[in-house]
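See below for the structure under consideration.
Protein chains: 2
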Amino acid sequence: MPKRPTVYDVAERAGVSIATVSFTFRRPDKVKVSTREAVQAAAHALGYVPSANARGLARGRTGALGLYSFDYLLGSTEAACRVADRRRADATVVRLDVNEDLRLFPLYVDEVQRGVELECRRRGYALMIGAGGDANGEAVVADIAGRVDGLAVFPGTVPVEVLRHIARRIPVVELSEPSHDDSLNHVTVDNVAGMRSLTHHLITEHGLRDLNFVGALDSSDNRARFKGFRSALRAAGIRPPRAPSAPCGGQRERAAVVVGDLLERGALPDGFVCVTDQEALALMEALSEAGVELPREVAVTGFDGIVAGRVARPQLTTVRQPMELMGRAVVDILVDRLARPDEPPESRQLPVQVVFRESCGCPPR
Amino acid sequence: MPKRPTVYDVAERAGVSIATVSFTFRRPDKVKVSTREAVQAAAHALGYVPSANARGLARGRTGALGLYSFDYLLGSTEAACRVADRRRADATVVRLDVNEDLRLFPLYVDEVQRGVELECRRRGYALMIGAGGDANGEAVVADIAGRVDGLAVFPGTVPVEVLRHIARRIPVVELSEPSHDDSLNHVTVDNVAGMRSLTHHLITEHGLRDLNFVGALDSSDNRARFKGFRSALRAAGIRPPRAPSAPCGGQRERAAVVVGDLLERGALPDGFVCVTDQEALALMEALSEAGVELPREVAVTGFDGIVAGRVARPQLTTVRQPMELMGRAVVDILVDRLARPDEPPESRQLPVQVVFRESCGCPPR
DNA sequence: TTGAAAGCGCTAACAT
DNA sequence: ATGTTAGCGCTTTCAA
Numbered sequence: 047m048p049k050r051p052t053v054y055d056v057a058e059r060a061g062v063s064i065a066t067v068s069f070t071f072r073r074p075d076k077v078k079v080s081t082r083e084a085v086q087a088a089a090h091a092l093g094y095v096p097s098a099n100a101r102g103l104a105r106g107r108t109g110a111l112g113l114y115s116f117d118y119l120l121g122s123t124e125a126a127c128r129v130a131d132r133r134r135a136d137a138t139v140v141r142l143d144v145n146e147d148l149r150l151f152p153l154y155v156d157e158v159q160r161g162v163e164l165e166c167r168r169r170g171y172a173l174m175i176g177a178g179g180d181a182n183g184e185a186v187v188a189d190i191a192g193r194v195d196g197l198a199v200f201p202g203t204v205p206v207e208v209l210r211h212i213a214r215r216i217p218v219v220e221l222s223e224p225s226h227d228d229s230l231n232h233v234t235v236d237n238v239a240g241m242r243s244l245t246h247h248l249i250t251e252h253g254l255r256d257l258n259f260v261g262a263l264d265s266s267d268n269r270a271r272f273k274g275f276r277s278a279l280r281a282a283g284i285r286p287p288r289a290p291s292a293p294c295g296g297q298r299e300r301a302a303v304v305v306g307d308l309l310e311r312g313a314l315p316d317g318f319v320c321v322t323d324q325e326a327l328a329l330m331e332a333l334s335e336a337g338v339e340l341p342r343e344v345a346v347t348g349f350d351g352i353v354a355g356r357v358a359r360p361q362l363t364t365v366r367q368p369m370e371l372m373g374r375a376v377v378d379i380l381v382d383r384l385a386r387p388d389e390p391p392e393s394r395q396l397p398v399q400v401v402f403r404e405s406c407g408c409p410p411r
Numbered sequence: 047m048p049k050r051p052t053v054y055d056v057a058e059r060a061g062v063s064i065a066t067v068s069f070t071f072r073r074p075d076k077v078k079v080s081t082r083e084a085v086q087a088a089a090h091a092l093g094y095v096p097s098a099n100a101r102g103l104a105r106g107r108t109g110a111l112g113l114y115s116f117d118y119l120l121g122s123t124e125a126a127c128r129v130a131d132r133r134r135a136d137a138t139v140v141r142l143d144v145n146e147d148l149r150l151f152p153l154y155v156d157e158v159q160r161g162v163e164l165e166c167r168r169r170g171y172a173l174m175i176g177a178g179g180d181a182n183g184e185a186v187v188a189d190i191a192g193r194v195d196g197l198a199v200f201p202g203t204v205p206v207e208v209l210r211h212i213a214r215r216i217p218v219v220e221l222s223e224p225s226h227d228d229s230l231n232h233v234t235v236d237n238v239a240g241m242r243s244l245t246h247h248l249i250t251e252h253g254l255r256d257l258n259f260v261g262a263l264d265s266s267d268n269r270a271r272f273k274g275f276r277s278a279l280r281a282a283g284i285r286p287p288r289a290p291s292a293p294c295g296g297q298r299e300r301a302a303v304v305v306g307d308l309l310e311r312g313a314l315p316d317g318f319v320c321v322t323d324q325e326a327l328a329l330m331e332a333l334s335e336a337g338v339e340l341p342r343e344v345a346v347t348g349f350d351g352i353v354a355g356r357v358a359r360p361q362l363t364t365v366r367q368p369m370e371l372m373g374r375a376v377v378d379i380l381v382d383r384l385a386r387p388d389e390p391p392e393s394r395q396l397p398v399q400v401v402f403r404e405s406c407g408c409p410p411r
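Protein chains in written order, with the numbering used here: chain H, 47 to 411; chain C, 47 to 411.
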């Protein structure tokens with residue numbers, strides 16, 4: 047790789063000053079035609095590509111937004127790496143079943159990310175993507191934060207103190223319900239209403255009364271969903287469980303254990319209301335494998351509306367989040383904050399849509 | 047937003063020099079404990095986030111890779127924007143059918159991009175994403191090129207001269223068969239073999255002889271696929287068509303026109319071998335709507351292996367590209383070139399897998 | 001219309 | 001172990 051040409055090289059070759067070169071790129075119309083052509087010719091001949099780093103430095107802003115995400119499917123990364131090792135052309139043909147793939151992609155984060163991408167493009171921003179989940183996640187997020195004008199993060203990916211720290215420097219939006227009311231912007235959905243109306247449906251339409259809530263209450267969103275669940279039960283005069291039942295984190299093996307345990311104790315409820323689609327999908331699979339017929343013997347529902355739920359058998363009843371829209375809203379807020387840095391942080395709550403499919407007992411559609 | 051603190055601020059507050067601050071961040075273990083703590087405390091108190099721009103400038107490399115992609119579904123962007131306008135919480139509930147969604151996402155580029163993301167993370171690189179399709183695409187790609195150490199592009203998204211230009215500065219890999227043999231690296235698949243073996247299957251297993259190839263020969267990959275198609279026909283003693291039949295670019299309306307025309311002329315072939323899944327899907331839909339029964343009356347096949355083909359009815363027979371792996375290979379090459387800038391450009395060809403599903407006449411699986 | 005010069009925030013020798 | 005000092009490549013007043 048030859049040394050990268052700079053403004054100086056171009057200036058010298060075009061016989062002008064670096065200021066003129068810079069100016070020519072910024073406002074071509076404000077330069078004499080002859081100089082412009084000379085500069086452009088020189089730039090072209092040299093293979094000049096302006097350094098966005100230097101530009102960003104000089105201007106104080108980079109023109110890029112950042113998205114920090116997370117591999118919620120920890121196991122998958124490892125599997126993917128194994129696959130990656132046989133990447134030569136002469137390697138064994140890779141046999142990943144497409145059904146299998148759908149469990150890994152696209153997930154919730156992927157669809158939100160897509161929204162972010164689309165809106166970034168529309169606004170003329172570049173998008174810097176980073177992800178953690180592993181050890182030095184904190185370093186990574188700081189690294190990204192250092193190269194963008196605004197940052198979006200999925201909840202639970204970055205310690206809140208780190209986020210606050212970053213938020214002192216650039217606008218940050220977190221994709222969750224506002225929990226610790228602070229300097230962060232938020233984009234979220236109406237978790238409570240969504241879960242309440244889903245649960246209400248199970249009770250009134252399908253006559254289910256013994257309902258388990260499956261999922262960890264480790265995020266404000268999950269807690270809101272649990273709240274919606276309890277609220278619907280209470281409204282129906284059913285005493286809601288105090289705590290969720292054991293979550294399996296979307297992992298098949300764990301789901302199998304949970305199901306085996308339940309079966310052994312003869313404690314199968316009327317339905318499992320899961321905090322996410324992934325949780326529900328893993329559970330459904332474990333139930334099926336254990337010989338439980340869905341949804342006849344037990345109903346299962348999810349939350350998110352990911353593709354895999356649409357393709358599963360039975361098709362998964364769920365609460366769909368407007369993921370692309372959420373991604374767009376994120377960018378919208380960030381750009382807005384950039385323009386008006388002194389506005390207080392904003393929280394945007396988007397509506398959800400309950401999608402009745404087969405896994406709750408509704409007929410196929 | 048308060049003024050962003052810099053090394054100078056931290057240094058002053060910690061009572062050390064800026065070099066020490068920098069060093070403390072780079073090699074915390076090489077600094078006296080007391081100073082380290084002082085610096086970290088100051089940084090924390092100030093909300094200091096190092097500027098990756100300045101760092102990149104000073105170091106001569108950014109630690110980021112770039113991916114420039116493209117909206118192959120031109121119409122969709124517009125539709126998405128319309129949706130984006132009703133982004134307030136009080137807006138009408140958004141009703142996008144999930145089936146509809148799958149036609150837009152995830153597509154080929156999305157799955158490849160995912161591979162790029164995963165591998166970037168594994169290697170500790172940040173990923174800068176940009177996309178064009180609209181007017182100032184050239185500016186966008188230059189912008190991205192200016193902020194990364196290496197760039198990946200999908201074919202047909204950037205004029206080859208621009209690519210060459212950029213390749214003089216940083217390593218570039220194009221996701222296509224090497225066409226113009228130049229300074230670019232390439233990642234591609236065995237298009238010829240894939241299409242040949244798919245076509246061979248149609249001929250020998252299903253006895254189809256009158257086959258149309260659908261798609262534009264506007265890329266080296268597409269030409270290779272056409273070549274594979276012809277080669278299989280020739281091997282079977284069938285005279286291959288000289289040119290493909292009219293492509294519809296994956297657009298429903300156009301597909302409907304093409305089908306209507308064919309039907310009118312009574313010129314329905316035994317099968318349509320489409321250059322991509324999107325092409326095939328649009329065609330299948332048009333055929334179904336026109337009352338043609340698939341695959342009994344006519345077979346349809348695709349190429350790529352996108353999710354939508356798996357979910358379509360009948361399920362689409364196709365040639366699956368190892369998209370995630372391709373994305374990973376891209377990063378692999380880029381990182382390699384970065385380490386050894388003087389190596390000649392590399393081309394990596396990955397194997398494909400023919401997936402027999404229903405649309406060619408095979409039984410459901 | 002163009003040039004000179006002062007940074008932007010950080011790193012990396014080299015000194016101490 | 002820490003400080004000094006040049007830049008890195010570009011933008012941007014301010015002059016000319």
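Backbone N, C-alpha and C fix where the C-beta goes; we use that ideal spot for every residue, glycine too.
Per DSSP, cysteine 320 of chain C forms a beta bridge with which residues?
C/Val260
Could you check whether the Cβ of isoleucine 175 of chain C sits closer than 8 Å to any Cβ belonging to chain H?
yes
Ordered along the chain, which non-local residues of its own chain (more than five positions away) have a Cβ less than 7 Å from that of asparagine 268 of chain H?
Gly261, Ala262, Val321
Does the beta carbon of alanine 191 of chain H come closer than 8 Å to any beta carbon on chain C?
yes
Count the other CB atoms, across all protein chains shown, that sit within 10 Å of the CB of aspartate 378 of chain C; report buried if there are 16 or more and exposed otherwise.
buried
At a CB-CB cut-off below 8 Å, which residues of chain H make contact with histidine 247 of chain C?
By Cβ distance, chain H contributes nothing, its closest Cβ being about 16 Å from histidine 247 of chain C, past 8 Å.
Roughly how many whole angstroms lie between the Cα atoms of leucine 417 of chain C and glycine 295 of chain C?
Summary: the structure shown does not reach residue 417 of chain C, with chain C confined to residues 47 through 411, and so no result is reported for it.
Leucine 309 of chain C vs alanine 336 of chain C beta-carbon contact at 8 Å:
yes
Contact set for cysteine 408 of chain C: own chain, Cβ-Cβ below 7 Å, skip 5 residues either direction
Thr363, Phe402
Going residue by residue through the segment 299-378 of chain H, where are the continuous alpha helix (DSSP H) segments of at least 4 residues, counting only ones entirely within it?
323-335, 353-357
When we look at the beta-carbon of lysine 49 of chain C and count the other beta-carbons within 10 Å, is it buried (16 or more) or exposed?
exposed
Where DSSP assigns a beta bridge to phenylalanine 116 of chain H, which residues make up the other side?
H/Gly178
Going along chain H, which residues have a C-beta under 9 Å from histidine 232 of chain C?
Correct list: empty, because the minimum Cβ distance to chain H is about 12 Å.
Are the beta-carbon atoms belonging to valine 85 of chain C and alanine 60 of chain C less than 8 Å from one another?
yes
So, does the CB of proline 360 of chain C fall closer than 8 Å to a CB anywhere in chain H?
no
Any chain H beta carbon closer than 8 Å to histidine 226 of chain C:
no
What does the alpha-carbon distance come out to for the pair leucine 242 of chain H and alanine 302 of chain H?
In the sequence as presented, leucine is not what sits at residue 242 of chain H; that position holds arginine. Looking at the two C-alpha atoms, the distance is approximately 27 Å.
Whole alpha helix (DSSP H) elements within the segment 165-233 of chain H, 4-residue minimum:
183-191, 206-213
Is the separation between the beta-carbon of glutamate 251 of chain C and that of histidine 232 of chain C shorter than 8 Å?
no
Whole-angstrom C-beta distance between threonine 347 of chain C and valine 376 of chain C, which should lie under 8 Å
Going by Cβ atoms, the distance from valine 376 of chain C to threonine 347 of chain C rounds to 27 Å, so no, they are not a contact pair.
Spatial neighbours of phenylalanine 71 of chain H in its chain, beta-carbon cut-off 7 Å, leaving aside the 5 residues before and after:
Pro96
Give me the Cβ distance between valine 194 of chain H and leucine 111 of chain H, rounded to the nearest whole Å; I'm assuming they're in contact under 8 Å.
5 Å
For histidine 211 of chain C, count neighbouring Cβ atoms within 10 angstroms of its own Cβ and tell me buried if that reaches 16, exposed if not.
buried
Closest by CA to valine 204 of chain H, which one among H/Ser115, H/Glu339, H/Phe151?
H/Ser115
Length of the line joining the Cα atoms of alanine 332 of chain C and arginine 300 of chain C:
9 Å
Would you mind telling me which residues of chain H sit closer than 9 Å to threonine 103 of chain C, beta carbon to beta carbon, in chain order?
It is leucine, not threonine, that sits at residue 103 of chain C in the sequence shown. Per Cβ cutoff of 9 Å: Ser97, Asn99, Ala100, Gly102, Leu103.
Starting from alanine 188 of chain C, find everything on chain H with Cβ-Cβ shorter than 8 Å and list it in chain order.
Val95, Pro96
Residues near isoleucine 175 of chain H in its chain [Cβ-Cβ closer than 6 Å; skip 5 each side]
Leu113
Got a sec: does the ligand SAM put a non-hydrogen atom nearer than 7 Å to the Cβ of glycine 240 of chain C?
With respect to the ligand SAM, the structure offers nothing, as it holds no ligand at all.
Bounding residues of the alpha helix (DSSP H) (the contiguous stretch that carries valine 53 of chain H):
53-60
What does threonine 108 of chain H reach in chain C if we use C-beta pairs closer than 7 Å?
Asn99
Label glutamate 163 of chain C either buried or exposed according to how many other C-beta atoms from any shown protein chain fall within 10 Å of its C-beta, with 16 as the threshold for buried.
buried
Close Cβ partners of tyrosine 54 of chain C (< 7 Å) along its chain, the five nearest in sequence each way excluded:
Ile64
Buried or exposed: which applies to histidine 90 of chain H, given that a residue is buried once 16 or more other Cβ atoms fall within 10 Å of its Cβ?
exposed
Which stretch, first to last residue, makes up the beta strand (DSSP E) that contains valine 400 of chain H?
399-401
Give the residues of chain C in contact with proline 409 of chain H, contact being defined as C-beta atoms less than 8 Å apart.
Near proline 409 of chain H there are no residues of chain C at all, since even the closest Cβ is about 17 Å away, more than 8 Å.
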